[in-house]
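Asks: Sharing a structure with you now.
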Amino acid sequence: GDSVTQMEGPVTLSEEAFLTINCTYTATGYPSLFWYVQYPGEGLQLLLKATKADDKGSNKGFEATYRKETTSFHLEKGSVQVSDSAVYFCALHPNNAGNMLTFGGGTRLMVKP
Amino acid sequence: DAGITQSPRYKITETGRQVTLMCHQTWSHSYMFWYRQDLGHGLRLIYYSAAADITDKGEVPDGYVVSRSKTENFPLTLESATRSQTSVYFCASSNAGGAGYGYTFGSGTRLTVV
């Protein structure tokens, strides 16, 4: 079945550092890929998405490129801020008639001033 | 207001009591979901619903009951609460279009069973 694997956290960075959170997936066909962010005490919010190979999703300075050849969708940001401290979830949708997302386990990011 | 709302935001209940968590969405999304989030386990799907009067089990359904008599509401009931059900519960909804849209989540209910 479909699966999403994220790097274990927590990831601890200093402010203005470069961020990469790795995400790889296993799926048949051509899934859509998502990154969600969960700030402390809140629900998950959609951060960005990509629906086909080589698409780049971007939002709030974060980017992720859908790489079908490596089955990856790594999240990157050039300069993190303290306010980016959150848990990040990678997810996929198989693009079939069902409507189920498969989530990774989440990666906690802590940014220190 | 438009959106997806969960209530209550916080709940403390005693072991053995019945408790119902509410979820309401205003978009007429056909799909709705209940997840629980626990440290070390990420998000785990409890139940989901593809439409009114259609529900199905997820990964961890034991001890929970759902109903969906109206498209906009999807309550989750713990019939006899146990300490292991202490968790943060999230409701989500999704457009029947599925692909490319993802889910919209509520703000969560933090449930403590004492």
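Residue numbers (the working numbering), protein chains in the order written: chain A, 158 to 270; chain B, 29 to 142. Each residue gets a CB set at the ideal place from its N, CA and C atoms; glycine is no exception. Note that the structure is a prediction, hence the values are computed from the model and not measured.
Does the beta carbon of Phe-102 of chain B sit closer than 8 Å to a beta carbon anywhere in chain A?
Replies: Chain A contact via Cβ: absent.
Asks: From the DSSP output, in three-state form, read off Ser-22 of chain B for me.
Replies: Only positions 29 to 142 of chain B appear in the structure, and residue 22 of chain B is not among them; the question remains open.
Asks: Whose Cβ in chain B lies nearer than 7 Å to the Cβ of Glu-199 of chain A?
Replies: By Cβ distance, chain B contributes Ser-135.
Asks: Whole angstroms is fine: what's the gap from Leu-203 of chain A's alpha carbon to Tyr-131 of chain B's?
Replies: Near 8 Å, if we compare the C-alpha coordinates of Tyr-131 of chain B and Leu-203 of chain A.
Asks: Would the stretch 198-218 of chain A and the stretch 182-190 of chain A be scored as touching if the rule is three or more Cβ pairs under 8 Å?
Replies: Judged by Cβ distances under 8 Å, the stretch 198-218 of chain A makes contact with the stretch 182-190 of chain A, as three or more pairs qualify.
Asks: Thinking C-alpha only, which one of A:Gly-158, A:Gln-163 and A:Asp-159 is nearest Cys-247 of chain A?
Replies: The shortest C-alpha separation from Cys-247 of chain A is found at A:Gln-163.
Asks: Can a CB atom of chain C be found closer than 8 Å to the CB of Lys-225 of chain A?
Replies: Considering every chain present, this structure includes no chain C. Its protein chains are A and B.
Asks: Please list, in chain order, the chain B residues whose beta carbon lies closer than 8 Å to that of Phe-260 of chain A.
Replies: Going along chain B in sequence order, the residues near Phe-260 of chain A (Cβ under 8 Å) are Gly-70 and Leu-71.
Asks: Helix, strand or coil: which one does DSSP assign to Gln-238 of chain A?
Replies: Here Gln-238 of chain A sits in coil by DSSP.
Asks: Using a Cβ-Cβ cut-off of 8 Å, state whether Gly-31 of chain B counts as contacting chain A.
Replies: Cβ-Cβ to chain A under 8 Å: no for Gly-31 of chain B.
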